[in-house]
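Inspection log for the structure reproduced underneath, given as structure tokens.
2 protein chains.
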Amino acid sequence: MTKGKLKIIPLGGLGEIGKNMMAVEYGDDIVVIDAGLMFPDEEMLGIDLIIPDTSYLEENKAKVRGIVITHAHEDHIGALPYVLPLLNVPVFCTKLAKGLISVKLKERHILAQTKINVIAPGGHFNLGLFTVEFFPVCHSIPDSVGLIIRTPLGVIVHTGDFKLDYTPVGGQPTDLSRLAQIGAQGVLLLMADSTYAELPGYTPSEQVVGNAIDNIIANAPGRVMVTTFASLISRLQQVIDAAAKHERRVFIVGRSMTDNVRIASDLGYLKLPADVMGRMDELSRTPHDKTVVITTGSQGEPTSGLVRIASRANQHLSIVPGDTVIFSASPIPGNESLVNRTIDSLFKQGAQVFYGNRTQAHVHGHASQEELKLIMSLTKPKYFVPVHGEYRHLTLHAKLAHSIGIPLANTFVLEDGDVLSLDSNGGKIGAKVPSENVYVDGLSVGDVNSAILHNRRILSRDGVVAITIVTNKHTGRLVGRPAIVSRGFVDVAETSDILDSACALAAEFLNKEDNHTKGRGVIDNELKNALDRFFYEKTKRRPMILLVHVKV
Amino acid sequence: MTKGKLKIIPLGGLGEIGKNMMAVEYGDDIVVIDAGLMFPDEEMLGIDLIIPDTSYLEENKAKVRGIVITHAHEDHIGALPYVLPLLNVPVFCTKLAKGLISVKLKERHILAQTKINVIAPGGHFNLGLFTVEFFPVCHSIPDSVGLIIRTPLGVIVHTGDFKLDYTPVGGQPTDLSRLAQIGAQGVLLLMADSTYAELPGYTPSEQVVGNAIDNIIANAPGRVMVTTFASLISRLQQVIDAAAKHERRVFIVGRSMTDNVRIASDLGYLKLPADVMGRMDELSRTPHDKTVVITTGSQGEPTSGLVRIASRANQHLSIVPGDTVIFSASPIPGNESLVNRTIDSLFKQGAQVFYGNRTQAHVHGHASQEELKLIMSLTKPKYFVPVHGEYRHLTLHAKLAHSIGIPLANTFVLEDGDVLSLDSNGGKIGAKVPSENVYVDGLSVGDVNSAILHNRRILSRDGVVAITIVTNKHTGRLVGRPAIVSRGFVDVAETSDILDSACALAAEFLNKEDNHTKGRGVIDNELKNALDRFFYEKTKRRPMILLVHVKV
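As they're listed, the protein sequences go chains C and L.
At position 79 of the first sequence (counting the first as 1) the number is 77 in the numbering used here, and the numbers step up by one without a gap.
At position 352 of the second sequence (counting the first as 1) the number is 350 in the numbering used here, and the numbers step up by one without a gap.
Spelled out as structure tokens, the structure:
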């Protein structure tokens, strides 16, 4: 019997290929891996979120068997509230992921109609003719898994986001034995996390961080405030343990931090020693050298806990000399200046601030080059597809694969929307499926298009000038002078003569005799061009010009 | 005789204190150090440049004796075309700086009326009762100097931007002997570059880079394209020398690169071996393994040489597999995503790309912690003021000073606009002088204020809706229906009903009887609020609403 084709389709990740969503298809069955979101970069003006393009999945809705979640970070689960109503399929995930996903679905009132199946790491289940097995991986949130997907054509291993950590805190280490076993049986395709494929060597263990934080707390003369990602449960555990050891009480500041501590301790992922956790109303009575605060704001987000403390907007807590602040997180690319501004502000108020790599108060959650090579060596895949990284990371990851003996011809560096077809003869990249960024702005999903963004860009640069032209509905002739209003263009108090002159120019233009022979579109265009030239000459700026026509 | 007060005033640097401009004042004399510009961050919408606030200097114009330039980077000379017409004072600088400054002043037609005095490194001159001596420092542009300023109260040492490099390429090493000599005679105040005060150890020599680049060129199978800062003359020299050694010809791409190569070679700072430099029309005939291209674009600037090559917009040159691209520069904070996008695009087209610290194709131009301590140890200042860095860098630099024995009470961490007064009794930070960011946008300097930026920010988020209301000039009653136009708000083709409903809402509102008892300002405000609520309910967006009133 000839085998059919296995299709591998990365569907979204805002430049990080396959990060937010991938599809695996064979015959009449599609398994979706993850459904995450990204936050906009500075060019996507006014956009709240970006979610993957699911139009291919919607077209093939009858084939989609379920969404399999590798771990509970936003970039892997955040699009579920938008995607589930379109696809209406069950979700498969570990216990912590179910807890965090449920909160999101409840907020959007779609929890009741969603079937969420909890699968323990090590467990497996059938989806159409696929069998999916969760294997434990270590990452910066507990209960993370990679996938072993059995297909009619062979076995796929998808690592999810992972690192190796032989001494993890709280979670399980990546199950190398299982990977070796599967590798011995034969792996058709490995898809592996490329996020840190640029980094030589090994990623340090989470325990390194525990020692660093313990050391800072031990020597701090006053309060210690630690900021980190709310989902980094192992980090919270280490801070709480260090606080307990040094007989300090722990206060949680920030909504997402409070929520996550509650969910993680309810589900057993966070152990809270007796009498360590304090209530906010006890904070002011607690001696400074007996206080540890855990808070959001590690990325300098303007409304986060730490930033509000730093800007003296938190009613319970403001910085005094003697305070120590630990940034137990690296700035995500793009957030550097917000983070730096927060650090500067803390220093100005007299805090001691520990930040940056050299304090060892943070390690990241992705594998470095030697770990990536180890995974390839254990799984010995026939084909290799690097995923979860920008194009350069995938390229470097493909080179690593080549360096340990995977032929270049068997390595496929894909982009979102590419369809890799594998069959018994080999692999081939075919025609693309839709994989545009889908913008969420306010209530609407997908209505913000490139024309709207283009207009916002123009508006942001030099502002807007609105000119109203009133004409007689019978004669078509101008009534009175055009009216003009501007915002974000020039200081109207100081330079109103520019707007007056523009009005005069528009009136003169519209009163020209030969206008009667032209269509309205032509006249509008000529007038806009004339005004644009006038403004540019006077100011070297090009505001957006809006013409409003009124007939009376 | 009691001595007067010596004032030290950092005036601008967009968060990097004193980077763009400082003033030193005693009695009736002011010396200005540098006059540079900064580029806007992403929140300063539409702004072209930021220059220092010179209002304090304008108020004290009669005292200002001259502007002393430490080196010819934009952040130290770029504001001269804007500042010189206001202050009308002579400039003192080294030869290369004069060459680069002259180009700028000529473009703005103010070269003829400006007196530029060339002072060789090691030379000195009088400015009022100050004597200023240039001492050679090593930095990432030749002919950089620090300042030894003799004042009635004692000697000031200002390092300018500097690093130590015992084997510099082209330029001179930092003159440690002179600093030791001055230190032995007694230094009142040291002001030193804090840019890399976070970095432990020593900054590597420029020669390290030469070896790395030579090695990449030696092994490259095809063309090699090197991108770096146009002002980094020593780097250009090393690339040209490596090309000559490997019998490759060099082609220059990018306007600022071409200009700088010409000026630097005319003035003798760049040595061009015979027959190495090629003309663009020879490029297509030159074998790929005999070609080196030096180009702008190391920061991913959209109109730069390399970015145009990467986006296939350069008519002479596009990427083919076998090409090698070297990023011989680090991304300036804020430019990371532009740089990464360029790297990804080059990889996609089949180039081999060398980038990042690990390739050793770049070293930076500022001193690290051990070098900073060495300078303090040699100069043994009584007072210390860290400059050129963001607040956290200055704080860390002050801690370094404390660690080698300078008392905390004698260290002053200033912000722009702070006035440090030193006299025989000690130092004190007094009332601030103006030090706002002065925005250059198009032709105008300083007219863009926070209200304009605020409006641009609102426009950039959710666009604009302009509504024209026509009323009868006698009765004050609405004529017809309001007219409405929007941009950047919603997709008008798909959601025109929102705008229609807004028109109807406005008409109904304006026809209400009780409006006659209210003033126009009150009515406008109420209408805007009603429309704002309506748009937010329908879309969760808040466009800027412009009301245009027309009476007929």
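Quick reminder that beta carbons are idealized off the backbone N, C-alpha and C, glycines included.
Assuming residue i and residue j are in contact, meaning their beta carbons sit under 8 Å apart, how far apart are those beta carbons, in whole angstroms?
i	j	result
F249(C)	V291(C)	5 Å
H362(L)	Y194(L)	7 Å
S192(L)	V443(L)	Not a contact, Cβ separation roughly 29 Å.
I75(C)	V30(C)	Actually they do not touch by this definition, with Cβ atoms about 12 Å apart.
M223(L)	V143(L)	M223(L) to V143(L), Cβ: 33 Å. No contact.
V207(C)	Q236(C)	6 Å
V550(L)	G474(C)	Actually they do not touch by this definition, with Cβ atoms about 15 Å apart.
I139(L)	S229(L)	5 Å
G461(L)	R539(C)	Not a contact, Cβ separation roughly 19 Å.
S100(L)	P166(L)	About 25 Å; that fails the 8 Å criterion.
L406(C)	V383(C)	Actually they do not touch by this definition, with Cβ atoms about 13 Å apart.
From this set, the options, which residue's C-alpha is nearest residue i's C-alpha?
i	options	result
R63(L)	M255(L), V337(L), K113(L) and A70(L)	K113(L)
L370(C)	S401(C), G10(C), N355(C) and P405(C)	S401(C)
I215(L)	P79(L), K288(L), H69(L) and H391(L)	K288(L)
C501(L)	E280(L), T322(L) and L545(L)	L545(L)
G34(C)	P79(C), S53(C) and I7(C)	P79(C)
L281(C)	T293(C), L315(C), Q297(C) and S326(C)	L315(C)
P150(C)	I427(C), R518(C) and D421(C)	D421(C)
G415(C)	L406(C), G425(C), G403(C) and S433(C)	S433(C)
A504(L)	G295(L), L127(L) and F533(L)	F533(L)
I147(L)	E131(L), K549(L) and G2(L)	E131(L)
R221(C)	N86(C), Q205(C) and T284(C)	T284(C)
F325(C)	L234(C), D239(C) and S375(C)	L234(C)
F133(L)	V167(L), Q179(L) and V89(L)	Q179(L)
I49(L)	A95(L), Y437(L) and L406(L)	Y437(L)
V87(L)	L125(L), R540(L) and Q236(L)	L125(L)
V468(L)	M278(C), H547(C) and D32(C)	H547(C)
N258(L)	K96(L), G517(L), N213(L) and L508(L)	K96(L)
T537(C)	A182(C), T493(C) and D141(C)	T493(C)
I67(C)	F90(C), G121(C) and A242(C)	F90(C)
Q350(C)	R339(L), G332(L), Y389(L) and A308(L)	Y389(L)
I543(C)	V463(C), P480(C), L188(C) and E72(C)	V463(C)
For residue i, list the residues DSSP reports as bridge partners.
i	result
Q350(C)	T322(C)
F382(C)	L188(C) and T409(C)
D27(C)	Y24(C)
T466(C)	A481(C) and V546(C)
H156(L)	L145(L) and M189(L)
G64(C)	V29(C)
L476(L)	T469(L)
K161(L)	C136(L)
P8(L)	M20(L)
I45(C)	For I45(C), which the question treats as bridged, DSSP gives no partner whatsoever.
M36(L)	I48(L)
| field | Unbroken stretches of the beta strand (DSSP E), 3 residues or longer, contained in the stretch 77 to 153 of chain L | value | 89 to 91, 114 to 116, 122 to 125, 128 to 134 and 143 to 149
| said: Please list, in chain order, the residues of the stretch 483 to 506 of chain C that have any C-beta partner in chain L closer than 8 Å. | reply: V483, R485, G486, F487, V488, D489, E492 and T493
| request: Let me know the beta strand (DSSP E) ranges lying completely inside the stretch 210 to 292 of chain L, each 3 residues or longer, listed in chain order. | output: 222 to 225 and 247 to 251
| What residues in the stretch 515 to 527 of chain L have a beta carbon less than 8 Å from any beta carbon of chain C? | none
| field | Segments of 3+ residues assigned as beta strand (DSSP E) that fall wholly inside the stretch 395 to 456 of chain C | value | 417 to 421, 424 to 428 and 436 to 439
| said: Short of 8 Å Cβ to Cβ, which residues in the stretch 380 to 403 of chain L face chain C? | reply: E388, Y389, R390 and T393
| query | Taking Cβ-Cβ distances below 7 Å as the criterion, which residues of the stretch 447 to 469 of chain C are in contact with chain L? | reply | N447, I450, N453, R454, L457, S458, R459, D460, G461, V462, A464, T466 and V468
| message | Please list, in chain order, the residues of the stretch 163 to 194 of chain L that have any C-beta partner in chain C closer than 8 Å. | response | none
| field | Interfacial residues, the stretch 340 to 353 of chain L to chain C, with Cβ spacing under 9 Å | value | I341, D342, S343, L344, F345, K346, V351 and Y353
| What residues in the stretch 317 to 337 of chain L bring their beta carbon closer than 8 Å to a beta carbon of chain C? | P331, G332, E334 and S335
| message | Tell me which residues of the stretch 201 to 217 of chain C have at least one Cβ-Cβ distance to chain L shorter than 7 Å, keeping chain order. | response | none
| said: Using a Cβ-Cβ cutoff of 8 Å, what residues of the stretch 255 to 279 of chain C are near chain L? List them in chain order. | reply: none
| Looking at chain L, which residues of the stretch 227 to 242 of chain C have a Cβ within less than 9 Å of any of its Cβ atoms? | none
| Taking any Cβ of chain L, which residues in the stretch 12 to 36 of chain C have a Cβ under 8 Å from it, in chain order? | G13
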